[in-house]
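Trainee:
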Amino acid sequence: MNKLIAIWMLFGLALPAWAGDEVKLEDIKLDTSMAAVERGADTLMNVCHGCHSLKYVRYRDLLTAGIDKKKVDTWRGDQALDTAMTGLLPDDTAMQMYGKIPPDLSLMTKAREGGTNYVYSYLIGYYITAEGAASNHVFPATRMPDMLGISGATDAAQRSEIQHKAQDVVSFLAWASDPHEEERRRLGFYVIAYLFVLTALLYVVKKQIWSRLKK
Amino acid sequence: MSNKIIQWIDHRFPLTSFVKHELTAYPTPRNLSYWWNFGFLAGFVLVLQVVTGIFLAMHYKADIAMSFDSIQHIMRDVNYGWLLRFMHSTGASAFFLVIYIHMSRTLYYGSYRAPRELMWWTGQGLLLLLMATAFMGYLLPWGQMSYWGATVITNLFRATPFIGDQVVVWLRGDYTVGDATLTRFFALHYLFPFLIIGGVMVHLVALHTVKSSNPSGIDLADKDNIPFHPYFTSKDFYGLGIFLIVYCTFVFFFPNSLIEPANNIPANPMQTPNHIVPEWYFLPFYAILRSVPNLVGGVVAMGLSVMVFSFMPYLDRSQIPGGAHFRPWYRVMFYLFVVDMLVLGYIGYIPPTDSSIIVGQAATLVYFTLFILLPYISRREEQWLIRRGLPPEVQALIVSETREISKYPKRRRRGDTT
Numbered sequence: 002m003n004k005l006i007a008i009w010m011l012f013g014l015a016l017p018a019w020a021g022d023e024v025k026l027e028d029i030k031l032d033t034s035m036a037a038v039e040r041g042a043d044t045l046m047n048v049c050h051g052c053h054s055l056k057y058v059r060y061r062d063l064l065t066a067g068i069d070k071k072k073v074d075t076w077r078g079d080q081a082l083d084t085a086m087t088g089l090l091p092d093d094t095a096m097q098m099y100g101k102i103p104p105d106l107s108l109m110t111k112a113r114e115g116g117t118n119y120v121y122s123y124l125i126g127y128y129i130t131a132e133g134a135a136s137n138h139v140f141p142a143t144r145m146p147d148m149l150g151i152s153g154a155t156d157a158a159q160r161s162e163i164q165h166k167a168q169d170v171v172s173f174l175a176w177a178s179d180p181h182e183e184e185r186r187r188l189g190f191y192v193i194a195y196l197f198v199l200t201a202l203l204y205v206v207k208k209q210i211w212s213r214l215k216k
Numbered sequence: 006m007s008n009k010i011i012q013w014i015d016h017r018f019p020l021t022s023f024v025k026h027e028l029t030a031y032p033t034p035r036n037l038s039y040w041w042n043f044g045f046l047a048g049f050v051l052v053l054q055v056v057t058g059i060f061l062a063m064h065y066k067a068d069i070a071m072s073f074d075s076i077q078h079i080m081r082d083v084n085y086g087w088l089l090r091f092m093h094s095t096g097a098s099a100f101f102l103v104i105y106i107h108m109s110r111t112l113y114y115g116s117y118r119a120p121r122e123l124m125w126w127t128g129q130g131l132l133l134l135l136m137a138t139a140f141m142g143y144l145l146p147w148g149q150m151s152y153w154g155a156t157v158i159t160n161l162f163r164a165t166p167f168i169g170d171q172v173v174v175w176l177r178g179d180y181t182v183g184d185a186t187l188t189r190f191f192a193l194h195y196l197f198p199f200l201i202i203g204g205v206m207v208h209l210v211a212l213h214t215v216k217s218s219n220p221s222g223i224d225l226a227d228k229d230n231i232p233f234h235p236y237f238t239s240k241d242f243y244g245l246g247i248f249l250i251v252y253c254t255f256v257f258f259f260p261n262s263l264i265e266p267a268n269n270i271p272a273n274p275m276q277t278p279n280h281i282v283p284e285w286y287f288l289p290f291y292a293i294l295r296s297v298p299n300l301v302g303g304v305v306a307m308g309l310s311v312m313v314f315s316f317m318p319y320l321d322r323s324q325i326p327g328g329a330h331f332r333p334w335y336r337v338m339f340y341l342f343v344v345d346m347l348v349l350g351y352i353g354y355i356p357p358t359d360s361s362i363i364v365g366q367a368a369t370l371v372y373f374t375l376f377i378l379l380p381y382i383s384r385r386e387e388q389w390l391i392r393r394g395l396p397p398e399v400q401a402l403i404v405s406e407t408r409e410i411s412k413y414p415k416r417r418r419r420g421d422t423t
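Top to bottom, those sequences are chains A and B. If you read the first sequence in this note's numbering, its first letter stands for residue 2, the second for the next number, and so on. If you read the second sequence in this note's numbering, its first letter stands for residue 6, the second for the next number, and so on.
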């Protein structure tokens with residue numbers, strides 16, 4: 002047994018060597034409240050939706066989630082409620098401007114290693130290099146400009162405001178990637194509670210039946 | 006009234022005698038531990054996968070232009086589609102977890118030994134079918150990992166002698182993984198579970214011929230066998246409750262932990278993901294594949310690593326009952342094997358580096374060495390145990406059970422037909 006432990010400890014020592022030189026992501030506590038999701042939607046519609054689509058989300062889904070109807074009506078304009086939130090930037094214009102088509106954001110927080118932490122760290126990961134160009138700690142090859150303006154923000158209050166904005170955008174994207182999550186968790190508590198009671202009863206039944214056996 | 010109906014049926018079909026023989030009077034060793042619950046659990050997960058799978062197939066579209074979207078349609082628009090999908094994706098992992106525990110129990114207690122070789126071999130066949138089904142099912146969401154996983158694995162068939170390239174094209178239905186691959190994988194992913202059900206029937210008929218093994222490893226006399234129902238039905242259902250708590254915790258609270266982030270990006274043949282990694286249940290075998298620098302060698306090593314279990318009835322030369330329970334050397338080998346599997350799993354998960362490749366090769370060597378040394382070690386261990394004497398309580402059990410069986414030969418459970 003001691004040998005086993007020793008082997009595992011040796012193994013543990015070797016782990017950090019393999020962890021590689023990945024960037025350390027910020028650790029955020031995701032605010033899943035509808036207020037945060039709605040604030041995130043505001044920012045996203047003003048700042049991101051010009052280029053990025055959310056093709057699996059329909060305007061009606063925003064209403065169902067509880068976002069103010071007036072806002073949704075403004076965002077969709079004369080499009081029907083069941084229209085998907087496709088991007089406003091034509092593909093060839095995007096290719097001319099950025100050399101690539103901006104990725105769809107419907108599943109963004111699920112589609113990256115690190116999830117919501119990754120997206121948040123990316124959004125606030127912009128900085129000005131010594132040569133005076135903007136770059137990103139998390140994704141240096143990014144073609145997206147620093148839309149929230151974190152690289153130019155110097156005083157603490159301004160930075161904190163941008164960080165809050167980024168958190169809200171992430172809250173919205175997390176909702177968009179898994180709109181039934183809250184329902185799933187709510188139902189999950191009932192299911193698990195039910196299973197605990199059921200399993201306890203099954204245990205009693207088993208005990209009772211086996212007690213009939215002679216030793 | 007119901008009596009009359011049953012009589013009517015019994016006249017034409019052996020309903021009552023079947024239920025009696027296979028359930029209410031089916032003799033089961035009373036000393037089975039909870040490790041013997043996992044066969045029943047595997048059957049339960051199989052049903053769960055078939056049922057959720059059929060409902061998913063009603064909404065899924067096997068077409069490379071539509072399949073990724075149809076999964077999102079299921080996740081977002083279909084009523085409780087998210088539940089069906091997460092039950093099915095979590096169910097795949099649950100299936101392998103249950104089967105691996107079921108196999109570990111068989112290895113630990115030596116249940117593969119005579120007269121249960123056919124149970125072990127049908128089980129091996131079922132494992133292969135399960136692996137094939139899981140692999141093909143993984144292509145269906147048409148995500149990046151689906152696409153590249155299928156590309157890498159079908160490409161391994163290039164190792165087939167003489168006709169390698171043709172075999173790969175034949176499997177894919179095209180020169181690359183594409184629409185033809187997706188539609189055939191979908192068709193086969195729907196078919197294979199029914200082959201598995203057929204295999205399970207054979208597995209069960211074999212079980213009911215040789216009866217369950219038990220922790221003591223010796224055939225128990227009649228007095229130590231109890232009817233399956235109600236004793237083991239109640240025990241199995243209690244175990245099912247525990248299983249469902251674990252399973253539902255994943256389904257409702259951590260379903261995405263079992264889905265690779267890259268699989269939430271639609272398949273893109275022009276862009277390879279940074280790191281192609283299979284599902285956790287294939288990782289140890291994947292690590293063995295990667296440990297051999299040559300394609301053919303790697304494929305042969307990986308195939309052998311799965312198929313080598315079949316030889317266990319011949320590799321294990323010891324007649325000492327109870328498997329690892331009463332065999333200290335074999336027990337060490339068993340735990341070494343489990344640790345080795347975990348090391349291989351970890352090595353299969355991380356991107357290969359110089360040091361990880363060496364660890365992987367060492368673990369691969371340990372894996373096969375354990376099987377190769379088993380005939381020698383098991384025979385030496387048997388001699389040593391006979392010289393040293395079995396523990397007194399085992400000796401006493403063997404004596405008392407043998408006396409019981411010779412005293413009441415008619416009540417022996419093997420070949421029991423009443």
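The beta-carbon is built from N, C-alpha and C at its ideal position, and this holds for glycine as well.
1. Please confirm whether E162(A) has its beta-carbon closer than 8 Å to some beta-carbon of chain B.
2. Is the beta carbon of L55(A) closer than 8 Å to that of Y119(A)?
3. Note down, in chain order, each residue of its chain lying with its Cβ closer than 6 Å to the Cβ of D22(A), except the 5 sequence neighbours on either side.
4. For L102(B), which of W285(B), P333(B), I377(B), I363(B) has the nearest alpha-carbon?
5. Return the Cβ separation of L61(B) and F248(B) in integer angstroms, given the expectation that the two are a contact with Cβ distance under 8 Å.
6. Do the stretch 138 to 152 of chain B and the stretch 266 to 274 of chain B make contact, defined as three or more Cβ pairs closer than 8 Å?
7. If you measure beta-carbon to beta-carbon, which residues of the stretch 234 to 247 of chain B are closer than 7 Å to chain A?
8. For I231(B), report the span of its alpha helix (DSSP H) as first-last.
9. Express the C-alpha separation of I193(A) and H280(B) in angstroms, rounding to a whole number.
10. For G302(B), does the count of other Cβ atoms within 10 angstroms reach 16, so buried, or fall short, so exposed?
11. Take the Cβ of S116(B) as the centre, count every other Cβ of all protein chains shown within 10 Å, and call the residue buried at 16 or more, exposed below.
12. Quick one: list the residues of chain A neighbouring T165(B), beta-carbon separation under 7 Å, in chain order.
13. What in chain B is Cβ-close to K207(A), meaning under 8 Å?
14. Give me the DSSP bridge partner(s) of R59(A).
15. Compare the C-beta of P91(A) with all C-beta atoms of chain B and state if any pair is closer than 8 Å.
16. Alpha carbons only, please: which of F191(B), I10(B), F100(B), Y372(B) is nearest the one belonging to A67(B)?
17. I want to verify the contact list: residues of chain A whose CB lies under 7 Å from the CB of L249(B), in sequence order.
18. Using a cut-off of 7 Å between C-beta atoms, extract the partners of L199(A) located in chain B.
19. Can you give the Cα-Cα distance for W175(B) and I202(B), rounded to whole angstroms?
20. Would you report the Cα separation of K70(A) and M46(A), rounded to the nearest angstrom?
21. Between L112(B) and A185(B), what straight-line distance do the alpha-carbon atoms span, to the nearest angstrom?
22. I'd like the list of long-range same chain contacts for I104(B), defined as Cβ closer than 6 Å, with 5 residues on each side in sequence excluded.
23. May I ask you to list the residues that DSSP assigns as paired with G148(B)?
24. In whole angstroms, what separates the C-alpha of E386(B) from that of W334(B)?
25. Output yes if chain B places a C-beta closer than 8 Å to the C-beta of R144(A); else output no.
26. CA-CA distance, V426(B) and V171(A)?
27. Just list the beta strand (DSSP E) runs in the stretch 282 to 313 of chain B, keeping only unbroken ones of 3 residues or longer that don't cross its boundaries, in chain order.
28. Using CA atoms only, rank isn't needed, just tell me which of F376(B), G308(B), L187(B), V337(B) is closest to R322(B).
29. Just checking: is the beta-carbon of F257(B) within a distance shorter than 8 Å of some beta-carbon in chain A?
30. In the DSSP assignment, find the unbroken beta strand (DSSP E) run with S136(A) in it and report its ends.
31. Please determine whether the Cβ atom of V304(B) lies at a distance below 7 Å from any heavy atom of the ligand SAM.
32. Does DSSP put Y413(B) in a helix, in a strand, or in coil?
33. Identify the continuous beta strand (DSSP E) that holds T143(A) and give its terminal residues.
34. For S262(B), I'd like the list of residues in its chain whose CB is within less than 8 Å of its CB, leaving aside the five on either flank, ordered along the chain.
35. Any beta-carbon of chain B closer than 8 Å to the one on L214(A)?
36. Is there a C-beta anywhere in chain A that falls below 8 Å from the one on P274(B)?
Mentor: In terms of the structure at hand:
1. no
2. no
3. Below a pLDDT of 50, predicted positions are generally treated as unreliable, and D22(A), at 48, falls in that range; the measurement from the model is reported next regardless. No residues qualify anywhere along the chain.
4. W285(B)
5. Not really, about 22 Å apart at Cβ, beyond 8 Å.
6. yes
7. P235, Y236, S239, K240, F242, Y243, G246, I247
8. From DSSP, I231(B) is part of no alpha helix (DSSP H) but of the beta strand (DSSP E) over 230 to 232.
9. 36 Å
10. exposed
11. buried
12. Ordered by position in chain A, no residue passes the 7 Å Cβ test against T165(B), which lies about 34 Å from the chain.
13. S239, K240, F242, Y243
14. A85(A)
15. no
16. F191(B)
17. L196
18. G246
19. 27 Å
20. 14 Å
21. 40 Å
22. A47
23. P271(B)
24. 7 Å
25. no
26. This structure does not reach residue 426(B), given that chain B is present from 6 up to 423, and the question cannot be answered.
27. none
28. F376(B)
29. yes
30. 135 to 137
31. This structure simply doesn't include the ligand SAM, nor any ligand for that matter.
32. coil
33. It is not in any beta strand (DSSP E) - T143(A) carries neither H nor E in the DSSP assignment.
34. F255
35. yes
36. no
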